[in-house]
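Everything below concerns the one structure shown next.
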């Protein structure tokens, strides 16, 4: 997995290796650094409000990882490519030559998570559970969620076929089976929201329903994003914030 492909001073150059299984679509440390470079005044305001409202402080600097998403879409059209979220946790930042405890480990590990979807329950056996989780990750059977925004438990996106088959995220789906993409939200958000379906990196459908269905008629790479638009205190106001990214379906 290629970590933080666009992090300042750590960017990948040259051709991507053939053996690359996936990329880190979300890297929190990269976001902190880009937020600092974009507006030092805004970043310092974030640090100041963090002790009083850590959730708000984190959310206000979270932005769509556009470069990583574009790279992910490009690679996925060449070969199956896993997308993951990472904390790159250190629980400290460096400003003006000093180290500050921001954000805390508790906050870091509650911000964004990879939600793995398994075909059977975990048993408590470390060997078999590790194998089960590893296989699901390698297959792309999971989605990324900004958990600090809202609990995504109950979300799912699957491809259902006319023959009664159900394909999870990360699957290779034959077009001849006449698949239908079904997206299930766990509940209706209390703020405006969008469910967006992407085909080969281009948005082709936007829905505001708890359950969204789309008949697939073309081959290609399909993925889903759910975003919401909460209201932040001044000076931010309302802005779109991504909540969920699925791993792709590969229809051929």
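Numbering (the numbering used here), first residue to last: 1329 to 1580. Ideal placement from N, C-alpha and C gives every residue a C-beta, glycine not left out. If you're wondering where the values come from, they're calculated on a predicted model, not measured in any experiment.
Using the Cα positions of residue i and residue j, report the straight-line distance between them to the nearest angstrom.
i	j	result
residue 1535	residue 1524	6 Å
residue 1383	residue 1475	11 Å
residue 1541	residue 1533	10 Å
residue 1560	residue 1387	9 Å
residue 1362	residue 1578	32 Å
residue 1443	residue 1502	25 Å
residue 1368	residue 1511	39 Å
residue 1463	residue 1380	41 Å
residue 1365	residue 1375	14 Å
residue 1378	residue 1481	26 Å
residue 1338	residue 1437	23 Å
residue 1393	residue 1459	30 Å
residue 1495	residue 1543	14 Å
residue 1527	residue 1499	15 Å
residue 1517	residue 1483	12 Å
residue 1346	residue 1485	28 Å
residue 1433	residue 1439	10 Å
residue 1468	residue 1370	36 Å
residue 1538	residue 1522	10 Å
residue 1448	residue 1461	10 Å
Who are the near neighbours of residue i in its chain, counting only those whose CB is closer than 6 Å to its CB and skipping five residues on each side?
i	result
residue 1357	1416
residue 1457	1450
residue 1573	1472, 1553
residue 1355	1332, 1414, 1416
residue 1507	1487, 1489, 1501, 1544
residue 1372	none
residue 1395	1334
residue 1531	1524
Please list, in chain order, all residues of the same chain as residue i whose beta carbon is under 8 Å from its beta carbon, the five residues on each side excluded.
i	result
residue 1492	none
residue 1349	1329, 1409, 1410, 1466
residue 1400	1351, 1353, 1409, 1411
residue 1398	1529
residue 1569	1387, 1390, 1474, 1477, 1555, 1556, 1557, 1558
residue 1566	1557, 1558, 1559, 1560
residue 1385	1374, 1375, 1377, 1378, 1431
residue 1335	1355, 1357, 1358, 1361
residue 1580	1500, 1501, 1502, 1503, 1547
Where does residue i fall in DSSP's three states?
i	result
residue 1360	helix
residue 1402	helix
residue 1535	strand
residue 1383	helix
residue 1495	strand
residue 1456	helix
residue 1394	helix
residue 1378	coil
residue 1574	strand
CB-CB under 7 Å to residue i, same chain, minus the five flanking residues each way: which ones, in chain order?
i	result
residue 1563	none
residue 1404	1549, 1576
What beta strand (DSSP E) runs, 3 residues minimum, are completely inside the region 1498 to 1554?
As far as the region 1498 to 1554 is concerned, its whole beta strand (DSSP E) runs of at least 3 residues are 1508 to 1512, 1521 to 1527, 1530 to 1535, 1539 to 1543.
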